[in-house]
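Okay, so here's the structure we're looking at.
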Amino acid sequence: MSLPPSLQSTLTPAEISFIAEQTSTIQIIPRARLSPLELISTTTPDLRPPQRAKVPLWLGLLLKKQRRASLVCPAWLSVERLEVLLEKEVVAESPFSELPFRWLEIAQAILDVASDDLQQPDRIRRLIQDLREARQGKAREGLTALNESSLQMDNLGLMEINEIRPFFAKAMDQIRRIAAGRDDEEDEEEEDEGDMDIDA
Numbered sequence: 001m002s003l004p005p006s007l008q009s010t011l012t013p014a015e016i017s018f019i020a021e022q023t024s025t026i027q028i029i030p031r032a033r034l035s036p037l038e039l040i041s042t043t044t045p046d047l048r049p050p051q052r053a054k055v056p057l058w059l060g061l062l063l064k065k066q067r068r069a070s071l072v073c074p075a076w077l078s079v080e081r082l083e084v085l086l087e088k089e090v091v092a093e094s095p096f097s098e099l100p101f102r103w104l105e106i107a108q109a110i111l112d113v114a115s116d117d118l119q120q121p122d123r124i125r126r127l128i129q130d131l132r133e134a135r136q137g138k139a140r141e142g143l144t145a146l147n148e149s150s151l152q153m154d155n156l157g158l159m160e161i162n163e164i165r166p167f168f169a170k171a172m173d174q175i176r177r178i179a180a181g182r183d184d185e186e187d188e189e190e191e192d193e194g195d196m197d198i199d200a
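Okay, structure coming up:
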């Protein structure tokens, strides 16, 4: 796949979603018994309805698509919790809300495959979009505090980091060049003053 140069150093959204499905876990309620499976990366638990089981997100989504399980959505993916998080995000000068590192990818996967396991999925979808937009605005504001040594933005998710990475890398490079240019000018001025002192 051909990408513009600015995106060649970052992951695509599809790659980030794939990583989230491979590395995240979710609780399910199986609808049918399934013996443990030995997979390359893990062994699945013995699934017995109606006992909850923790499985990799990709497996939970697969079982949901096959109608073999229902997903137990994370506590943060409820209307009440998302409304609280959104209120915190829109307050000026507040830090980013604490969300899972892969919150956006997990929410999207669950909404795409298991919206019937959620209460008020359309409201949740709107809240996720509002939360994302509020956090993007806050990230843009945070980039104004950029200096040549560092930038601190705690609690950003992987997708959010990936979105600002190309701009951030270019901006840091430019700031370093400007700072290096200032240092060179100061060194030259000091040398000129030293030469004047010697001549005197």
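The opening position of the sequence shown corresponds to residue 1 in the UniProt record's numbering, with each subsequent residue numbered one higher. For each residue, glycine too, the CB sits at the ideal point set by N, CA and C.
Give the DSSP bridge partners of Ile54, in chain order. Per the sequence presented here, residue 54 reads as Lys, with Ile not at that position. Looking at the DSSP assignment, Lys54 forms a beta bridge with Gln27.
Taking only beta-carbon positions, decide if Arg126 is within less than 8 Å of chain D. Given the protein chain composition of this structure (a single chain), no chain D is represented.
Spatial neighbours of Cys73 within its chain, please: CB distance less than 7 Å, with the 5 preceding and 5 following residues excluded, ordered by chain position. So the list reads Ile110, Asp117, Leu118, once near-sequence residues are dropped.
If contact is defined by three or more beta carbon pairs under 8 Å, each pair taking one atom from either stretch, is the segment 33 to 51 in contact with the segment 87 to 100? Fewer than three pairs of CB atoms, one per stretch, sit closer than 8 Å, so the segment 87 to 100 makes no contact with the segment 33 to 51.
Short check: CB of Arg102 to CB of Gly181, under 8 Å? Contact flag unset, no.
Terminal residues of the continuous beta strand (DSSP E) containing Val72? Residue range 69 to 72 is occupied by the beta strand (DSSP E) that includes Val72.
Taking all protein chains shown into account, decide if Met1 is buried (16 or more other Cβ within 10 angstroms of its Cβ) or exposed. In this prediction, Met1 has a pLDDT of 44, which is less than 50 and means its spatial position is unreliable; what the coordinates show is noted afterwards. Exposed: under 16 other Cβ atoms inside 10 Å.
Any contact of the segment 121 to 130 with the segment 155 to 173, i.e. 3+ C-beta pairs under 8 Å? No, because fewer than three Cβ pairs between the segment 121 to 130 and the segment 155 to 173 fall closer than 8 Å, the two stretches do not touch.
I need the DSSP call for Leu127, collapsed to helix, strand or coil. Reduced to three states, the DSSP call for Leu127 is helix.
On a Cα-Cα basis, can you pick out the residue from Ile26, Lys54, Pro95, Ser70 that is closest to Pro36? Looking at the Cα atoms, Lys54 is the closest of the given residues.
From Glu80 to Thr12, what distance separates their C-alpha atoms? Linking Glu80 to Thr12 through their CA atoms gives a straight-line distance of about 31 Å.
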